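In the order they appear, the protein sequences are chains X and L. For the first sequence, our numbering begins at 530 and goes up steadily by one. For the second sequence, our numbering begins at 530 and goes up steadily by one. In what follows, a single structure is set out as structure tokens and then discussed.
There are 2 protein chains.
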Amino acid sequence: MTGGIGSSGPESESGLGFRSPRIQRLRRLVSRREERRESGLVVVEGATLIQEALAAGWVCVEEFTSSGATPVGVVEPTWVAPGVLDRVASTETPRPNIAIFALPTPIDIGRVSTALVVDRMADPGNLGTAMRSAEAAGFDAVVVTSGTVDDLSPKVVRASAGARFHVPVIESSLQQLRETGFHLVGTSSHRGTDHLELDWSSPARLGIVIGNEAQGLDDSAPVDGWVSIRHAGRSESLNAAMASTIVCFAAARGRGLL
Amino acid sequence: MTGGIGSSGPESESGLGFRSPRIQRLRRLVSRREERRESGLVVVEGATLIQEALAAGWVCVEEFTSSGATPVGVVEPTWVAPGVLDRVASTETPRPNIAIFALPTPIDIGRVSTALVVDRMADPGNLGTAMRSAEAAGFDAVVVTSGTVDDLSPKVVRASAGARFHVPVIESSLQQLRETGFHLVGTSSHRGTDHLELDWSSPARLGIVIGNEAQGLDDSAPVDGWVSIRHAGRSESLNAAMASTIVCFAAARGRGLL
Numbered sequence: 530m531t532g533g534i535g536s537s538g539p540e541s542e543s544g545l546g547f548r549s550p551r552i553q554r555l556r557r558l559v560s561r562r563e564e565r566r567e568s569g570l571v572v573v574e575g576a577t578l579i580q581e582a583l584a585a586g587w588v589c590v591e592e593f594t595s596s597g598a599t600p601v602g603v604v605e606p607t608w609v610a611p612g613v614l615d616r617v618a619s620t621e622t623p624r625p626n627i628a629i630f631a632l633p634t635p636i637d638i639g640r641v642s643t644a645l646v647v648d649r650m651a652d653p654g655n656l657g658t659a660m661r662s663a664e665a666a667g668f669d670a671v672v673v674t675s676g677t678v679d680d681l682s683p684k685v686v687r688a689s690a691g692a693r694f695h696v697p698v699i700e701s702s703l704q705q706l707r708e709t710g711f712h713l714v715g716t717s718s719h720r721g722t723d724h725l726e727l728d729w730s731s732p733a734r735l736g737i738v739i740g741n742e743a744q745g746l747d748d749s750a751p752v753d754g755w756v757s758i759r760h761a762g763r764s765e766s767l768n769a770a771m772a773s774t775i776v777c778f779a780a781a782r783g784r785g786l787l
Numbered sequence: 530m531t532g533g534i535g536s537s538g539p540e541s542e543s544g545l546g547f548r549s550p551r552i553q554r555l556r557r558l559v560s561r562r563e564e565r566r567e568s569g570l571v572v573v574e575g576a577t578l579i580q581e582a583l584a585a586g587w588v589c590v591e592e593f594t595s596s597g598a599t600p601v602g603v604v605e606p607t608w609v610a611p612g613v614l615d616r617v618a619s620t621e622t623p624r625p626n627i628a629i630f631a632l633p634t635p636i637d638i639g640r641v642s643t644a645l646v647v648d649r650m651a652d653p654g655n656l657g658t659a660m661r662s663a664e665a666a667g668f669d670a671v672v673v674t675s676g677t678v679d680d681l682s683p684k685v686v687r688a689s690a691g692a693r694f695h696v697p698v699i700e701s702s703l704q705q706l707r708e709t710g711f712h713l714v715g716t717s718s719h720r721g722t723d724h725l726e727l728d729w730s731s732p733a734r735l736g737i738v739i740g741n742e743a744q745g746l747d748d749s750a751p752v753d754g755w756v757s758i759r760h761a762g763r764s765e766s767l768n769a770a771m772a773s774t775i776v777c778f779a780a781a782r783g784r785g786l787l
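Shown next, in the form of structure tokens:
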């Protein structure tokens, strides 16, 4: 999958240089969704997140370590010349460890009974937080619809604080989920039953749908019911992170997951 | 309070230059807590947040607008030479509007019956989110203890999405609050009553205490009781933002605020 160092093009004595084909591929994996999809590989930046991915059972394919830094050490590190990872990293304070992981085999939707369904969410921070809520509430999976920001982008992985590795993510559509027997409950700022009054335990297969942060979930979305959260303050609606936390935890309690 | 343009030192035809004393004071107000405390002034960056501050009734003292941009227009704008505000702003994508507001008169703690008490929280993003939770839950105030990150820092104001302007913030200590008759409930990852089982309605004056994000609230903290949140997933505790959202909303429902 990766060539030996000797075949990797330009390199200095202290490790791979920026123009090395392997560094260029790493760079594409950081920045391009299609590259991640086609290769089945994902980049994880920083020792903490690398360890989270390992703890979740993900398989590390290659680890890049800046010359002079300490490798996380799960595979033989590929040494990189000083400053090179700074030009590759998605963060403004780049870390000296970057690893490539293989995407795990997707789980079968048939095994999922409680899912958070994220519909056309645009902000990586919000998607990461939604994943974190779903994981902490004990949900089986997060479902993302097409039009949602890439769940494997470095920003999402970072915002999820590693939850991305621990909760399976499935790509699907609201229509497909209903055809698979899911009872979908859409979150809304203005309609539906209050989250504390809904009977969360009855649907055998439950999908809580949270929409785009700017427009919310469309009133015509193909869902089976609606839930809302009463709140005070000046805003018309809660932000997506708060809403997903509150609804996931209410549903988890109602379903005996916590 | 502010000198006329003519007395402000170096300036170009298109507005104040970087070395102008007024720009230098603005810079200090952005970066230095003591400057904000001593002057009673706070900097608000970007048209959206400026409008939030105005909507909350805060008084704008001066508005700086980059030459060529549109002022928010509440006071006669002070024009600034191109590029200068970029060097002053706390953000990486600086906005062409920056305003100075006067801090409102602090509210009397005697008027507060439900408060979120933030004890030695270090991260501006967490404090901003905690304020947002308190506001959306209809709390009367946020109390910050000494050792908590400055509630007027630009990062906190931004993370609060303007909630900082809408919810009064009071500086106090746990001991002082108890002496004023507050019943303090500490949030904990490992002890206390579950948040859904606590009777939130009984204390006339309730303070929910959330601790430092790394260490949590100390077991020896002078509180009257403890509350915890059951959760799943790999983490030992929920992050501070999720915890404050869940507990504030549970308490608000129990107290009939929502």
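For each residue, glycine too, the CB sits at the ideal point set by N, CA and C. None of the values given here were measured: they were computed from a predicted structure.
The Cβ atoms of E591/L and A628/L sit closer than 8 Å to each other.
Of the candidates A582/X, S549/X, A692/X and V752/X, the residue whose Cα lies closest to the Cα of S717/X is V752/X. For L713/X, the enclosing beta strand (DSSP E) has its first and last residue at H712 to S717.
Residue environment for G597/X: exposed (fewer than 16 other C-beta atoms within 10 angstroms of its C-beta). Residues of chain L whose Cβ lies closer than 7 Å to the Cβ of T774/X are, in chain order, M771, T774 and I775. Straight-line measurement puts the Cα of D648/L at about 8 Å from the Cα of S675/L. For I636/L, no beta strand (DSSP E) segment is defined, and its DSSP state is neither H nor E.
Contact between the stretch 653–661 of chain L and the stretch 763–773 of chain L is present: 3 or more CB-CB pairs across the two stretches fall below 8 Å.
Each residue's CA atom was taken as its position, placing L632/L and A761/L some 42 Å apart. The C-beta of G612/L has fewer than 16 other C-beta atoms within 10 Å across all chains shown, which makes the residue exposed. Contact note: E567/X does not reach chain L at a C-beta cutoff of 8 Å; the least C-beta distance is about 30 Å. In this structure, A779/L is the residue among A779/L, M650/L, D637/L and V604/L with its C-alpha nearest to the C-alpha of I758/L.
Straight across, the Cα-Cα distance linking V696/X with D637/X is about 13 Å. Rounded to the nearest whole angstrom, the CA to CA distance from M650/L to T594/L is 33 Å. V673/X sits close to D680/X, with the two beta carbons spaced by under 8 Å.
For G667/L, the chain X residues whose C-beta falls within less than 8 Å of its own C-beta are H760, A761 and G762, listed in chain order. Just measuring C-alpha positions, the residue of Q704/L, R616/L, L706/L and G586/L sitting nearest L545/L is R616/L. Excluding its 5 nearest sequence neighbours in each direction, A781/L has C-beta neighbours in its own chain below 6 Å: A666, G667 and L787, listed in chain order. Put simply, the CB of R782/L is near chain X, with a gap under 8 Å to one of its CB atoms. DSSP places N768/X outside both helix and strand once states are collapsed to three, so it counts as coil.
Pairing R554/L with V588/L, the inter-Cα distance amounts to about 18 Å. No Cβ-Cβ contact shorter than 8 Å links L558/L with R548/L.
By DSSP's assignment, F778/L forms no beta bridge with any residue.
H724/X is a Cβ neighbour of V776/X, given a cutoff of 8 Å. Short of 7 Å from the beta carbon of L614/L, and not among the five residues preceding or following it, lie these beta carbons of its own chain, in chain order: F593, S595, P623, P625 and I627. Between I737/L and V678/L the beta-carbon gap is near 19 Å, outside 8 Å, which marks them as no contact.
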